[in-house]
Every structure is written in C-alpha cells, then in structure tokens.
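Asks: Would you mind keeping the following structure in view while I ask a few things?
In our numbering, the protein residues as written are 82 to 368.
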C-alpha cells in the first residue's frame, strides 16, 4: 500500500511534463490556423477587387459599344468657332480638317481624336498649336484652333506673310488677329506683283533675321519702317526723317557705329541719310 501511495509524485511529474511540452504544440497549431485565415481573407479581398475591376471594364465596354455607332454621333456638319475665324480664317485649312472629321463617329474621337486631327492639319499648317473638338448634337461638332504667333512678318505689295521656324511662310489677312503684333519687314514697291516669298531668303538667311531683328529694334526705337532691298544684302531703316542703310554682315558693329555717331556728332539731327555699310564706302549726307 505504501508503494502505491509513493507513486503519486511520479504521476504529477508526468502530468507536469506532459502539460509543459504540450503548449508549443497547441500554439503552433493556432499560429498556423491564424496564418491560413489571413491568407484566405487576403485572397478573398483581392479576388473581390479583381471582380469589381472586371465588371467595371465590362460595363464600360458595353456602354461604349452601345453608343459607338449611334447615328446621332456620326459627324456630318462641322462648325469653326468665331474665335478661330477671328485669329486666322483659311478656307483650305478648314476644308482639310473637315475632310478628316466628316464621316467619323464622335465617340471614336473622344480618346486621342484631337491629337490625330492636330497631326493631320500640321502636315500642311505646322503653326497650328492646338485643336479642341466639341460635340453640339445632331451629328454636328465645333472645331477651335489655336496658333503659334509668327516670328516676324514680310509684306510684299498688298500681301502680308507670316514667317515661322525654318522660314516657313504663310499668307495672313490684315483683318485677322494672328501676327498683328509681330515685327514687319517691308519690301520695295517694285515687288508688288510678287505672289510668293520664293527666293526671299537667298541673300539674307532666315536665321540672320532671328539673330539681328531684336538688336535692330532696340537700336531704333522710333523706327517707322524697316525695308529689305530684295535681291541684295541690304536694309533701310526709316527713323526721324532719316534713311539709315544697313548691311547683312557685321551688323552689330554697324549699330554700335550709329550709336557713337548719334552721341558724339553734333549735327546728327541734320542728317538725312546715314550709310553704315551697305555701300562700298560709308556715307553721311546732310540736309
């Protein structure tokens, strides 16, 4: 009997050892169960997001498909805004744009259509900066163009041409806003019958105008007329009842020479003609 009583500590130690060794096992099982629940929740959440995106795309495609070829969106009538016509009214430009738009469905132009039209008209009119399309309903759209200002103007007789990069020239109307504030290069009257600027930049390249025109305007702030003697390398500035001749080469030196003459020559106001280098010998003529 005593042996049986003494066996109790052995049983307790066995239970204590069993309980202490069983805790990590239950903890491991619980951790694994928690991780499984987390991944299951994550997959379910991502799956729901993917499903929502898929349904949204399907709905968008369905709606677009239903209106893509709706006859009401078929472009048949094209209107050019008043602002566009006030800036630059060119029938050929409008015909070119209308050729691109007419017969297309407006829905197909909502994404990228304006860029396509811009690329289309820039092939012929590279100074077009931007284009805006507006659907007016009943197969009608409105077109609004915006333009880059010309670097300067050239006038031949009654015709006025805007000059853009690389010397590209396009005729402008005096009644329109485009180019109104640009510097004007005039030409002699004997060119009044000329209808284009072909060969205009032969003696004086386009880049020389870009380089020197700002300096000329600064040197002659009261200039009333600037004339290029077409076919030659010479210019004439009209200011303060004087004719001031300039030459294509070393122009900045000529402008400096004029500044000295005006500052140090006491009878400068009496001069009528000042030749700063256009002829073989420099001349100064008085009244």
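Think of the CB as a built atom: it goes at the ideal place given N, C-alpha and C, for glycine as much as any other residue.
Just so it is clear, the structure is predicted and the values come from calculations on it, not from any experiment.
(1) Assuming residue 212 and residue 190 are in contact, meaning their beta carbons sit under 8 Å apart, how far apart are those beta carbons, in whole angstroms?
(2) Give, in chain order, every unbroken run of the beta strand (DSSP E) that is at least 3 residues long and sits entirely within the segment 209–272.
(3) Just mark residue 340 as buried or exposed, buried being the case when its beta carbon has 16 or more other beta carbons within 10 Å.
(4) Excluding five sequence neighbours on each side, which residues of the same chain lie with their C-beta closer than 6 Å to the C-beta of residue 102?
(5) Taking the straight line between their C-alpha atoms, what separation do you get for residue 269 and residue 245?
(6) Candidates 186, 320, 352 and 315: which alpha carbon is nearest residue 220's?
(7) Could you tell me the alpha carbon to alpha carbon distance between residue 217 and residue 223, rounded to whole angstroms?
(8) Run through DSSP, which three-state label would residue 325 get?
(9) Beta-carbon within less than 7 Å of residue 194's beta-carbon, same chain only, minus the 5 sequence neighbours each way: which residues are those?
(10) How about residue 300 and residue 342: are their beta carbons less than 8 Å apart?
(11) Comparing alpha-carbon positions, which option in 184, 294, 208 and 177 lies nearest residue 201?
(12) Taking just the CA atoms, how far does residue 296 sit from residue 345?
(13) Indicate whether the contact test is met: 3 or more Cβ pairs, each with one atom in the segment 228–237 and one in the segment 250–260, closer than 8 Å.
(14) Which residue wins for smallest C-alpha separation from residue 356, given the options 326, 293 and 291?
(15) Checking 8 Å against the spacing of the C-beta atoms, do residue 298 and residue 319 come in under that value?
(16) So, with DSSP's three-state summary, where would you put residue 165?
(17) Tell me, please, whether the CB atom of residue 159 is closer than 8 Å to any CB atom in chain D?
(18) If contacts are defined as beta-carbon pairs under 8 Å, then residue 156 and residue 184 qualify, I think. What distance do you get, rounded to the angstrom?
(19) Taking all protein chains shown into account, do 16 or more other C-beta atoms lie within 10 angstroms of the C-beta of residue 316, making it buried, or fewer, making it exposed?
(20) Does the separation of the CB atoms of residue 278 and residue 307 fall below 8 Å?
(21) With C-beta atoms as the reference, is residue 314 less than 8 Å away from residue 334?
(22) Rounded to the nearest angstrom, what separates residue 239 and residue 348 at their Cα positions?
(23) Under DSSP, the beta strand (DSSP E) around residue 306 begins and ends at which residues?
Replies: Reading off the structure:
(1) Not really, about 11 Å apart at Cβ, beyond 8 Å.
(2) Segments of the beta strand (DSSP E) lying fully in the segment 209–272: 209–218, 221–228, 233–237, 240–244 and 250–253.
(3) Exposed, because fewer than 16 other Cβ atoms sit within 10 Å of the Cβ of residue 340.
(4) Residue placement at residue 102 is poorly supported in this model, since its pLDDT is 48, which falls under 50; the coordinates still yield a value, given next. Same-chain partners within the cutoff: there are none.
(5) Annotation: residue 269 to residue 245 spans about 22 Å, alpha carbon to alpha carbon.
(6) Of the candidates 186, 320, 352 and 315, the one whose C-alpha sits nearest the C-alpha of residue 220 is 186.
(7) A straight line joining the alpha-carbon of residue 217 with that of residue 223 spans about 7 Å.
(8) Residue 325: strand per DSSP, three-state reduction.
(9) Sequence-distant partners of residue 194 (beyond 5 residues in either direction) whose C-beta falls short of 7 Å from its own C-beta, in its chain, are 214.
(10) In this structure, residue 342 does not lie closer than 8 Å to residue 300 by Cβ.
(11) Looking at the Cα atoms, 177 is the closest of the given residues.
(12) If I take the Cα positions, the gap works out to 21 Å.
(13) Between the segment 228–237 and the segment 250–260, the count of C-beta pairs closer than 8 Å reaches three or more; the two stretches touch.
(14) Of 326, 293 and 291, the residue nearest in Cα terms is 326.
(15) No, these two residues do not count as a Cβ contact at 8 Å.
(16) In the three-state reduction of the DSSP assignment, residue 165 falls in the helix class.
(17) Of the chains in the structure shown, none is chain D; there is only one protein chain.
(18) Right, the Cβ-Cβ distance comes to about 7 Å (below 8 Å), so this counts as a contact.
(19) Buried, by the Cβ-count rule.
(20) At the C-beta level, residue 278 and residue 307 stay beyond 8 Å of one another.
(21) No, the Cβ-Cβ distance between residue 314 and residue 334 is not below 8 Å.
(22) Looking at the two C-alpha atoms, the distance is approximately 38 Å.
(23) Per DSSP, residue 306 belongs to the beta strand (DSSP E) from 306–309.
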